[in-house]
Amino acid sequence: MADRRTFNVVILGVGFLFIFTAFTTCGNIEQTVVKSLGNSTFTGSGYHSLGIIYGVFSFSNLLAPMIVTVIGPKITMFLSGLLYSGYIAVFIVPSTWSFYLTSVLIGIGAAMLWTAQGQFLVENSEASTINRNTGMFWALLQCSMLFGNLYIYFDWNGRTEIPDNSRRNIFLSLLVVSILGTLSFLVLRKSHHEEEMLSEEEGQSLLSTRTMYKHRANTAMQDTKSEFKTILRLLKTKTILLLSPCMAYSGLELSFYSGVYGTCIGATAQFAEAAKGLIGISGIVVGIGEIVGGGLFGLLCKNSRFRRTSVVFLGMVAHFVAFYLIFLNIPDDAPTVFETTSLKKPYLTPSVSLALLCSFLLGLGDSCFNTQLYSILGHVYAEESAPAFAIFKFIQSVCAAAAFFYSGYIMLMWQLLLMVVLGFTGTLCFFVVERMQNFSVDIQEF
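Numbering-wise (this note's numbering), the sequence shown opens with residue 8 and increments by one.
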């Protein structure tokens, strides 16, 4: 039993590693790829596509649990993987309508994939193994930022333009990787929970398959309604209201490090032939920052309210230092230029080492905020963690979607300033929530 569960967790992690090696690499380079297309009939925007994905994802989360309950997590993850692969495939022969259609589909697929992943991980864990299994899955997932971006570096280093044959080769490779990850879900074995459910349903011989799925759908609908009511109730609580700016900030900086900053580096004319290859290296260094931060603060500093505030403060400092250095090092028009390179000059002579230091700080700061938001929500809403996390992902995704939509129109300076204001407000509100929790614990002890 234990061996089967461990096998399932490892295969789950490997599947996500492959799929997100393809998707995170795609998100990091797609605006640069779109700008370099020689196809005059293609009018899509990588920023708009990512905005659509996160926007659809945020609302699809409300229905995803019902779908997972009806068809099961294994089939749900397989179907979602196919949607991810379809999005990657669009870049091989780009067309505007398929680009935006698959953006909507992958947003739906993402909601189903992550909901199914959470359910499947819990079903294959016990109280004594949940931390180990989560750590194994997380470690495999974080490695997805390394391999695809390394390929981009070797393929694009020294190029000033992205030729069609290079683009096709890259996305064919990413498509193969994504399909392998999708197929790996078929190897997953039934969990003990699934076997109990199936044997229970098989024992009711009078029920037809249609009736069985109808029963599942009705049960799922009732659960969804109940959870939606809980979400509406939690939205009115002081804790969620205070944490909302911090959640919103995590969405803005998510869009910045995952799609905007790489595009800015690639558009910096002063990096010359190294610019395009640096997009891949930047993605790798962001991933290293995520791994370092998540490993140190997510695993070593859990269950400590004092350390939560310290880690969030460190995340804020890391991001603010990165934002200031980016302001000095990257041209102001880098995220908005329609040509492949920027026209303005930054305050400093652009430095590769400074740009990569900022990439590391962005990844480190992101892991600080995310690990501690999960920690405080799990602590405050231990009995209602699923609805609380759903609110977090909803606010984060909506803000990420909004940020992707405005990123192509607003100069870099104003984007950085907006993140500084919201980041400071969010950190301050996080501290207030911690203070409230400490006060309530002191009252109980008294």
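Ideal placement from N, C-alpha and C gives every residue a C-beta, glycine not left out.
{"Item": "Take every Cβ of the region 263-283, pair it with every Cβ of the region 34-54, and state whether three or more of those distances are shorter than 8 Å.", "Value": "yes"}
{"Item": "Can you have a look at Asn172 and say buried or exposed, based on whether 16 or more other CB atoms are within 10 angstroms of its CB?", "Value": "exposed"}
{"Item": "Over the uninterrupted alpha helix (DSSP H) stretch that includes Met323, give me the two end residues.", "Value": "Arg312 to Asn336"}
{"Item": "Express the C-alpha separation of Met323 and Val111 in angstroms, rounding to a whole number.", "Value": "32 Å"}
{"Item": "Can you give me the start and stop residues for the alpha helix (DSSP H) that Val77 sits inside?", "Value": "Ala71 to Ile78"}
{"Item": "Tell me the DSSP secondary structure of Ile99 in three-state form.", "Value": "coil"}
{"Item": "Can you tell me whether DSSP reads Lys243 as helix, strand or coil?", "Value": "coil"}
{"Item": "In whole angstroms, give me the CA-to-CA distance for Phe154 and Ile291.", "Value": "8 Å"}
{"Item": "Do you know how far the Cα of Tyr61 is from the Cα of Ala408?", "Value": "5 Å"}
{"Item": "Measuring straight from C-alpha to C-alpha, what distance separates Ile115 and Gln379?", "Value": "27 Å"}
{"Item": "Under 8 Å by Cβ, that's how I've got Leu128 and Thr136 pegged, so tell me the actual separation to the nearest angstrom.", "Value": "Not confirmed; about 10 Å, so no contact."}
{"Item": "Let me check understanding here. Comparing Cα to Cα, which of Leu193, Lys283, Ser233 and Leu332 lies closest to Ser87?", "Value": "Leu193"}
{"Item": "In this structure, how does DSSP classify Glu208 when only helix, strand and coil are distinguished?", "Value": "Because Glu208 carries a pLDDT of 48, less than 50, the predicted location of this residue cannot be relied on, and the following value inherits that uncertainty. Residue state, collapsed to three classes: helix."}
{"Item": "Note down the Cα distance separating Leu369 from Glu133, rounded to an integer number of angstroms.", "Value": "34 Å"}
{"Item": "Does Gly430 come out as helix, strand or coil in the three-state DSSP assignment?", "Value": "helix"}
{"Item": "Would you check if the distance between the CB atom of Ala281 and the CB atom of Asn164 is smaller than 8 Å?", "Value": "yes"}
{"Item": "Can you grab the Cα-Cα spacing for the pair Val428 / Leu435, in whole Å?", "Value": "11 Å"}
{"Item": "One question on the structure: do Phe23 and Gly188 come within less than 8 Å of each other, judged by their Cβ atoms?", "Value": "yes"}
{"Item": "Using a threshold of 8 Å, state whether the C-beta atoms of Gly372 and Ala329 are closer than that.", "Value": "yes"}
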